[in-house]
Structures are given as C-alpha cells and as structure tokens.
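J.: Sequential numbering of the sequence shown, starting at 1, is according to UniProt numbering.
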Amino acid sequence: MQKTRHYSRSPITQAVIDLQIELSNDVTVEHLSDLHLQVQADYPQCQNLLVFQGQIMGVTKVEETASQSLMGYGFFSRDRKQIVQARRDGFSFTRLAPYERWENFRDEAQRLWRIYRSLTTPNRLTRLSLRYINRLDLPLPFEDFKEYLRTVPEVSFDLPQALSGYFLQLQIPYPELTGILVLNQAIIPPPKAEVVSVLVDIDLVREEDIPNDEIQLWELIEQYHAQSIQIFESCITDRSRELMI
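1. Given a threshold of 16 other Cβ atoms within 10 Å of its Cβ, counted over all protein chains shown, does Tyr7 qualify as buried or as exposed?
2. Does Ser69 pass the burial test, meaning 16 or more other C-beta atoms within 10 Å, or should it be called exposed?
3. Would you please state the rounded distance, in angstroms, between the beta carbons of Arg95 and Leu199? I believe it to be under 8 Å.
4. Closest to Gly72 by C-alpha separation, out of Ala97, Val29, Pro189, would be which residue?
5. The beta strand (DSSP E) spanning Asn104 covers which residue range?
6. Using C-beta distances below 7 Å, list every residue in its chain close to Asn212, excluding the 5 sequence neighbours before and after it, in chain order.
7. Excluding five sequence neighbours on each side, which residues of the same chain lie with their C-beta closer than 7 Å to the C-beta of Asp42?
8. In chain order, which beta strand (DSSP E) runs of at least 3 residues are fully inside the region 10-47?
9. Does residue 252 come out as helix, strand or coil in the three-state DSSP assignment?
10. Could you name the residues of the same chain whose beta carbon sits closer than 6 Å to that of Ala186, not counting the 5 residues immediately before and after it, in chain order?
11. State yes or no: is the C-beta of Arg131 within less than 9 Å of the C-beta of Ile202?
12. Is Ile21 buried or exposed, if buried means 16 or more other CB atoms sit within 10 Å of its CB?
13. For Gly90, count neighbouring C-beta atoms within 10 Å of its own C-beta (all shown protein chains included) and say buried if the count is 16 or more, exposed if not.
14. Compute the Euclidean distance between the alpha carbons of Gln14 and Phe105, then round it to the nearest angstrom.
15. Our contact map puts Leu119 next to His36 with C-beta atoms below 8 Å; I'd like the distance itself, whole angstroms only.
16. Taking the alpha carbon of Asp107 as the reference point, which residue from Ile17, Pro173, Arg241 has its own alpha carbon closest?
17. Using 8 Å as the cut-off, classify the Cβ of Gln230 as near or not near the heavy atoms of the ligand HEM, replying yes or no.
18. Is DSSP giving Ser77 helix, strand or coil here?
19. Going by DSSP, name the residue or residues bridged to Asn134.
20. Tell me the DSSP secondary structure of Arg124 in three-state form.
21. Under the three-state reduction of DSSP, which class applies to Pro175: helix, strand or coil?
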C-alpha cells in the first residue's frame, strides 16, 4: 500500500459524501425543513431543491407539459464553502476548496447525517457515494500528458498527437468494496494562460449491502476514503506531486 501524502497545495476543489435512502410515505418534505432549525447557526442560507418533470402526450400531435416539485432543501454556510442537502431521497454534504483535513470533513458530515437520520428514520440505505473532484494545473510547455498522469487517452499514431481537449470516463469494479469506481478525466478551463487544467473526478459508489448500523456505516465510509487516496495517487506521477508539495 502506498504511503499517504499530505499536499500543502491541495488539488481538491470539491468533496462530497452522498447517502441515498428509502423513506416511508409519511415522511414529507416539511419534515426536512426541521433540519434547518437545528443547523441554521452554521448554515444560515436555505435554498429549495426542485425536481422538474416533463411529459409528452398526444396521438396526432405532440403536447409538452412540465411540472416542478419540491424534493428538499440545500443549506449553505456563510462563506458558501459547505453545503448540506436534505432530500426525500437522501442526504449529501459538500465541502468546496479549500479542503483542509478528512477528519474535519468526515466529522461534520457525520454530525449532520445523524440529525437528518433522526428526523427521517430511513427504512434502508440504497446508495453510498464518496466523491473527490480534483483540478491539476499543469504548467506549459510539456510534450505528453503522461508526464503528469498515469491514465490518459491513447491516440492512434496515424492521427495528430496534440490534444486541445478530451473527456475520459472509466467504470472500474471494486469487488472488495462491493462498489464501483467512476473515474472522469477532462481538460477544463484553466485559471491562467500558462497552464493546462485537468479534472480528475474520483467517485466511489456502492449500491448494495449498505449497513444501517451507524458504526458499520462510517467504518465503510472510512474504507472508501482510504481507497480514494490510493486511487488518486495511482492516477498521477511524481511530476504532479511536485506541483502540490
């Protein structure tokens, strides 16, 4: 196993813990608004989360209708760096850059989840996701993305080798975690002209056998975090690491 590294210039732009659930029918959106009463000191800003539904009907002609319904609420910290979503289908906690330490992120997510769970009493958990979105700013000039990345698109030698953009998605099973890695990589707009920015989006997902027991659930999330670190390190080279030290 690779040694865990700490980077003074963290590439993480967004970290998300998402837990999807199955609720009984008697739990309404109004129950979710009670969560804000318990967290508004830290998350004073509230925003409705709407879901849009469309329908096409007709035999001789097409008629389009659309409707929207309230699915939950988003609560924002004063600096809008931390976001809580309380929905009828689940809960999520997001931390935007600067991301400091896993322990801070995990503990706050756990605190908020316990409040959400006490208000909703889910029948079962249906999906777990731990996601890290990273941005690597690669200084120009360089000849090959392989100087910085270990997973890159392979371009036929019969084609020009320069890339002005790309999007790559890999879905890799992780049987030992009963999960799947969804790895997205793409060139994104850079913050300045002297670099090429690459998104490295690591999403570990589990959709079966998610424990309802709190201790077992957070032990599993801890395992997913450890694996996420190893995945990120497996995606980059030492030249990328030098940019973050």
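All residues carry an ideal CB built from backbone N, CA and C; glycine is no exception.
It should be emphasised that the depicted structure is a prediction, and the values quoted were computed from it without experimental measurement.
T.: In brief:
1. By one-based count along the sequence shown, residue 7 stands at place 7. Tyr7 comes out exposed.
2. For the purposes of this step, residue 69 is taken as the residue at position 69 of the sequence shown. With fewer than 16 Cβ atoms within 10 Å of its Cβ, Ser69 is classed as exposed.
3. Numbered from its first residue, the sequence shown carries residue 95 at position 95. Numbered from its first residue, the sequence shown carries residue 199 at position 199. Actually they are not in contact, since the Cβ atoms of Arg95 and Leu199 sit about 17 Å apart, beyond 8 Å.
4. Your numbering for residue 72 matches position 72 in the sequence shown. Measuring from the Cα of Gly72, the nearest candidate turns out to be Val29.
5. Locating residue 104 in the sequence shown gives position 104, counting from the first residue. Where Asn104 is concerned, there is no enclosing beta strand (DSSP E), although the alpha helix (DSSP H) it sits in stretches over 102-120.
6. Here the question's residue 212 lines up with position 212 in the sequence shown. The answer, listed in chain order, is Arg124, Leu125.
7. Translated into the one-based positions of the sequence shown, residue 42 becomes position 42. Closer than 7 Å at Cβ, skipping near neighbours: Ser77.
8. 12-22
9. Residue 252 lies beyond the stretch modelled for the chain, which goes from 1 to 245, so this question has no answer here.
10. Along the sequence shown, read from residue 1 onward, the residue named residue 186 stands at position 186. Contacts found: Phe167, Leu199.
11. Residue numbering aside, residue 131 sits at position 131 when the sequence shown is read from its first letter. Residue numbering aside, residue 202 sits at position 202 when the sequence shown is read from its first letter. Their beta carbons are under 9 Å apart, which means Arg131 touches Ile202 by this criterion.
12. One-based indexing of the sequence shown puts residue 21 at position 21. Ile21 should be labelled buried.
13. The residue labelled residue 90 in the question sits at position 90 within the sequence shown. Buried.
14. For the purposes of this step, residue 14 is identified with residue 14 of the sequence shown, where counting begins at 1. For the purposes of this step, residue 105 is identified with residue 105 of the sequence shown, where counting begins at 1. Spanning the two alpha carbons is a distance of roughly 11 Å.
15. As a working mapping, residue 119 is identified with position 119 in the sequence shown. As a working mapping, residue 36 is identified with position 36 in the sequence shown. That belief does not hold up - the Cβ atoms of Leu119 and His36 are roughly 11 Å apart, past 8 Å.
16. Mapped onto the sequence shown, residue 107 falls at position 107. Cα-wise, what sits closest to Asp107 is Ile17.
17. In terms of ligand content, the structure shown is empty, and the ligand HEM therefore cannot be addressed.
18. Counted from its first residue, the sequence shown places residue 77 at position 77. Coil.
19. Within the sequence shown, numbered from 1, the residue matching residue 134 stands at position 134. Ile12, Val200, per the DSSP bridge assignment.
20. Here residue 124 corresponds to residue number 124 of the sequence shown, with the count starting at 1. Correct three-state label for Arg124: strand.
21. Translated into the one-based positions of the sequence shown, residue 175 becomes position 175. Pro175 falls in the helix class under three-state DSSP.
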